[in-house]
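The block underneath contains the structure these notes are about, expressed in structure tokens.
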Amino acid sequence: MKSLFNKSILFVFGLSAVSCVDNSKPNYQYMPNMYETVSYEPYGEYDIFENGQEAKLPAEGSVPRGWKPYDYEDSNEGYAAAKAELENPLPYTEDNLAAGRQLYTIYCAVCHGDSGDGQGILVEREKFLGVPSYDSRDITEGSTYHVQYHGLNAMGSYASQTSIEERWQITHYVMSLREELLGNPEREFEDEMETLTPSVDTENDITEGTVSGGGSEQENQNEE
Numbered sequence: 001m002k003s004l005f006n007k008s009i010l011f012v013f014g015l016s017a018v019s020c021v022d023n024s025k026p027n028y029q030y031m032p033n034m035y036e037t038v039s040y041e042p043y044g045e046y047d048i049f050e051n052g053q054e055a056k057l058p059a060e061g062s063v064p065r066g067w068k069p070y071d072y073e074d075s076n077e078g079y080a081a082a083k084a085e086l087e088n089p090l091p092y093t094e095d096n097l098a099a100g101r102q103l104y105t106i107y108c109a110v111c112h113g114d115s116g117d118g119q120g121i122l123v124e125r126e127k128f129l130g131v132p133s134y135d136s137r138d139i140t141e142g143s144t145y146h147v148q149y150h151g152l153n154a155m156g157s158y159a160s161q162t163s164i165e166e167r168w169q170i171t172h173y174v175m176s177l178r179e180e181l182l183g184n185p186e187r188e189f190e191d192e193m194e195t196l197t198p199s200v201d202t203e204n205d206i207t208e209g210t211v212s213g214g215g216s217e218q219e220n221q222n223e224e
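Sequential numbering from 1 applies to the sequence shown in the UniProt record's numbering.
So this is what it looks like as structure tokens:
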């Protein structure tokens, strides 16, 4: 009984201690560095910065790390030039085709269909109409990549979702679907040793693109 009484006294005392509050003063903080960062907050106000704002615009002419310019403009002329000049710098290997198929399933099949016949699930549900079959269009590796990069008509750009390498892998798969729809023989795989490696030459080929008449590629953007 005495033990219960003592516990009750301690409980009341503890409750009274934690219930005392002064609204004019900040409360005690437990592990304050969990919400008071040592670094500057992007949109915080600090006297050390001009206008008191930490977030600043990047220097004029600066570009994101890893980004490479893409010389074909989002215009009819740019599309025609890319269609005629751009060639896939990635070798046609089983690995690249498999990667292209996986990416195509993620980004493209919902509209273009698993076989590239333009009968994706959104078309079947009449969310989008008029998506053409790949065998009904005179597409090339260059035009396929260009449309992934810039978008075309109702199709938006996928440049922010995929890298250069991924867009070219998708291009391989799109062209393989087209050949299958046309009833053409399956393309033979190229030497596996020619596939993408960390070598500088190969990286430059992919980031700058393989072009028949000039132009350069970029490192990080999206496909069809």
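Cβ atoms here follow ideal geometry from the backbone N, Cα and C, with glycine treated the same way.
Residue environment, Pro89, which counts as buried when at least 16 other CB atoms sit within 10 Å: buried
Stretch-stretch touch, CB-based, cutoff 8 angstroms, three pairs: the segment 142 to 159 with the segment 64 to 83: yes
Between the CA atoms of Asp22 and Leu10 - distance to the nearest angstrom: Each residue's Cα considered, the two are about 23 angstroms apart.
Through-space distance from Gly118 to Val131, alpha-carbon basis: 5 angstroms
Residues near residue 241 by beta carbon distance below 7 angstroms, same chain, minus five either side: Given a span of 1 to 224 for the chain in the structure shown, any question on residue 241 remains unanswerable.
Short Cβ contact (8 angstroms threshold) for Tyr145 with Thr162: Result no, Cβ atoms of Tyr145 and Thr162 do not sit closer than 8 angstroms.
Own chain residues within Cβ distance below 6 angstroms of Tyr79, not counting five before or after: His146
Check whether Glu60 and Gly44 have beta carbons under 8 angstroms apart: no
For Leu86, the three-state DSSP class (helix, strand or coil): strand
CB contact flag (Leu177, Ser115, <8 angstroms): yes
Residue range of the alpha helix (DSSP H) that includes Arg178: Ile164 to Leu182
Tyr107 classed as buried or exposed, judged by whether at least 16 other C-beta atoms fall within 10 angstroms: buried
Cross-strand partners of Leu152 (DSSP beta bridge): Met155
Pick from Glu190, Met175 and Asp191 that is closest to Asn184, judged by C-alpha positions: Looking at Glu190, Met175 and Asp191, the one whose alpha-carbon comes closest to that of Asn184 is Met175.
Proximity of Gly113 and Tyr173 at Cβ, strictly below 8 angstroms: no
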